[in-house]
Each structure stands twice: as structure tokens, then as C-alpha cells.
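What follows is one structure encoded as C-alpha cells, with my remarks underneath.
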Amino acid sequence: MKVFTTTSELKEFLKSGRIAAMKEGKELQVGLVPTMGYLHEGHASLLRKARAQNDLVVLSIFVNPIQFGPNEDLDRYPRDAERDLALAEHEGVDAVFMPSVEEMYPQPIKTKVAVEELTSKLCGASRPGHFDGVTTVVSKLFHIVAPNRAYFGQKDAQQVAVVAQMVKDLNFDLEIIPCPIVRENDGLALSSRNVYLSAEERQAALILSRSLKQLEADVYGGKEVTVLEARQQLTQKIESEPLAEIDYVEIAAFPSLTALQLTNSFNSELEVFGAILVAVAVKFGTTRLIDNVLLTGKGEAIHV
Ligand code: AMP
């Protein structure tokens, strides 16, 4: 496994790989897994999928300052390069790209990539500028690596929708592969930020996966509820947990994130849109967690 800290060295490595493959009459298939490090089983699942579908797997680890708001956790975001590299090696990664902030942004950035509409909702509403930071850094990574496929977790469902929209709008020549949410045995969605939680907060945070799962069971079980009732029930369940402080509870079509008719039955909206995202962001102490469930009309895979 090679570890690169500069764009030029990584590009050189990829170029020689592509030339070698071409000499054998093949096109080198490259998979990219962008992350902010402090890797866990969720990241590992993306790496495994990338490993299975490509000749060469590139993992990027970069805590991207421009996607953090002024009062967010950039300074305390957890890092452990040594452990990350061991996990990457174990998953058969070919190249790790770990640039410094100066390498990615040698001077203050004057160009940004911004996706409209999709980014003003859900996390975009509570984290202004966040998605511009994401799409800008992801564009840079796509240009540097020029992957055939890039892997993103459904844990960040809005991110999947936003990046897929950017790829379509700007003709990036690659496929976005969404990957399912990986959870702890008790249901908590894996996140690098889970380390911030106290034992008590971690226990309280189980309300998210439990209440989302309940809603999923209700809808798939054919229970007649309107979209509004579903949202109210979910909100009430989460509010029943004293340590939970709701940022948002949203129900929207996926991947368009179009608002639904609140007074229509959930199942009829599901028939209309094919896929509905139920997403929550909730603070436990100082830690903001997100979780979601993607409900599909016929249990089909969703193409973004
Ligand atoms: P992050 O390092 O948090 O920016 O995440 C990097 C990638 O891993 C993103 O595409 C995330 O959606 C994905 N990811 C993070 N947590 C999970 C999880 N629990 N299950 C699946 N994918 C995840």
C-alpha cells in the first residue's frame, strides 16, 4: 500500500498504473473512497465494495476545513492516522491520499462548486455552506484521482443526493455507488463522532435507530398514516428521550429531496415517488448525530 501526501505523487502513481494497464490492452478501473479518517466498519464496508469492483482502490483521508462551520468541531475532529493506515492495509487499499490542508488549499480558495436547492434543506439548513465545502473538495478529489467509481455511505443520504446531482450536472465521468448504513449491534449508526458521546448519551442515542426502525416497520406493515402523522410520531418518540435535542426530523422524496404532501398517506406518496428518505439530526450533549432510513416502494435499489 502506498501513502501519498501530495497531489503530484498520487497522480504520477495513477498515471503509471493506467499506462501499464493500457499496454496490456486494458483500462485500469479505479475506485475512490473519500473520507475524513478515524475509520470504522462503515468506511471499511465502502472499501470492501470498492475492492470488489475495481483494479485499484484509492482511499482519501482529509478533514476538510471548508465543510465545517465556525462553531463546529473541526478542531476536535478525531484523528488516528496510524490506526487508519492499518485498517486500509487490511482492506487491501492500493493508495491512501492524506494531503495536508496546505496541499489541498495552497491559497484561500476563490472557486467553489455549489449545488442548488438540494443543499438548502435538512443538514444544509442547519449547516450553511457545509455542502459547498463537500462538493468543492469532492470535485477536487474527482479531478485528482479521475476514478471510474466513487463510494459514499447512505448514512449521509443527503450527501449522496447532492454529489450525484453534481456528477450529472457537471458531466463527471464516473459512477456514484451508494452503500448501506453500517450499524452497531444495538442499532447505533457508526460514526467517527460517536467517540464524543458519554456512556449515557450513547445509550440515549439509540432512540434514533429504534424510532426510525419502528417507522419503517409501520410503513412496510401497511399501517395507514399520513406523512405529517409519521413525522409527528417520530418527533414525539425522539423527544421522549430527555437527552435528545432535535435539530430536524424530515421526510422527503429521494434523491430529489422534494417536499411531500403532508396530508397524503405515507404509502401513497411512496407509490408516487418510489423512494422516501426519513432523516433526523439530533444533538446529544454537544454531539450532533444524523441517521436515516430510505424507504422504497418495492424494496428496490435506488439509483441516484
Ligand atoms: P466521513 O469520514 O464521516 O466523512 O465518511 C466517509 C464516508 O463514509 C461517507 O461516504 C460516509 O457516508 C461513509 N460512512 C460513514 N459512516 C458510515 C456508516 N455507518 N455506514 C456506511 N457508510 C458510512
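Numbering-wise (the working numbering), the sequence shown opens with residue 10 and increments by one.
Even for Gly, the Cβ is constructed at its ideal location relative to N, Cα and C.
Assumed close pair residue i, residue j - CB separation to whole angstroms, cut-off 8 Å
i	j	result
leucine 68	serine 200	Not confirmed; about 18 Å, so no contact.
isoleucine 247	valine 287	At roughly 12 Å, the Cβ-Cβ gap does not stay under 8 Å, so isoleucine 247 and valine 287 are not in contact.
methionine 175	valine 124	5 Å
phenylalanine 156	valine 39	According to the sequence shown, residue 156 is proline rather than phenylalanine. Going by Cβ atoms, the distance from proline 156 to valine 39 rounds to 5 Å, so yes, they are a contact pair.
tyrosine 47	proline 87	4 Å
leucine 37	leucine 65	6 Å
leucine 206	threonine 296	6 Å
phenylalanine 282	alanine 262	4 Å
leucine 150	proline 43	5 Å
valine 236	glutamate 209	Going by Cβ atoms, the distance from valine 236 to glutamate 209 rounds to 33 Å, so no, they are not a contact pair.
Between the CA atoms of residue j and residue i - distance to the nearest angstrom
i	j	result
valine 289	leucine 183	29 Å
proline 251	valine 102	42 Å
asparagine 194	serine 218	11 Å
glutamate 254	alanine 53	30 Å
threonine 14	leucine 271	49 Å
proline 74	valine 110	8 Å
isoleucine 314	aspartate 93	Given a span of 10 to 313 for the chain in the structure shown, any question on residue 314 remains unanswerable.
lysine 121	valine 228	40 Å
asparagine 63	asparagine 301	28 Å
glutamine 163	alanine 170	9 Å
phenylalanine 106	aspartate 89	15 Å
valine 258	leucine 55	26 Å
phenylalanine 181	isoleucine 153	12 Å
asparagine 203	glutamate 233	35 Å
alanine 61	serine 249	43 Å
proline 189	threonine 305	13 Å
serine 129	alanine 30	43 Å
valine 291	arginine 57	29 Å
N-terminal and C-terminal residue of the alpha helix (DSSP H) that residue i is part of
i	result
isoleucine 190	No alpha helix (DSSP H) contains isoleucine 190, which DSSP labels as neither H nor E.
threonine 296	Careful: threonine 296 lies outside any alpha helix (DSSP H), inside the beta strand (DSSP E) at 296 to 305.
tyrosine 229	215 to 229
valine 204	No alpha helix (DSSP H) contains valine 204, which DSSP labels as neither H nor E.
glutamate 112	110 to 113
Residue(s) in a DSSP beta bridge with residue i
i	result
alanine 53	Answer is none; alanine 53 lacks a bridge partner.
arginine 158	Gly40 and Glu184
valine 12	Val105
serine 274	Thr235
phenylalanine 293	Ala253 and Thr296
alanine 90	Answer is none; alanine 90 lacks a bridge partner.
alanine 198	Arg192
glutamate 209	For glutamate 209, which the question treats as bridged, DSSP gives no partner whatsoever.
alanine 288	Glu259 and Asn301
alanine 268	Ala261
Delimiting residues of the beta strand (DSSP E) encompassing residue i
i	result
lysine 20	Per DSSP, lysine 20 belongs to no beta strand (DSSP E); it is in the alpha helix (DSSP H), 16 to 32.
proline 65	The identity of residue 65 in the sequence shown is leucine, whereas the question assumes proline. Per DSSP, leucine 65 belongs to the beta strand (DSSP E) from 65 to 70.
Inset, instruction - Mind listing, in chain order, the continuous beta strand (DSSP E) runs of no fewer than 3 residues lying wholly within the region 119 to 171? - result: 158 to 162
Legend entry - the ligand GTP site residues, beta-carbon cut 6 Å against heavy atoms: As far as ligands go, the structure on display features the ligand AMP and does not contain the ligand GTP.
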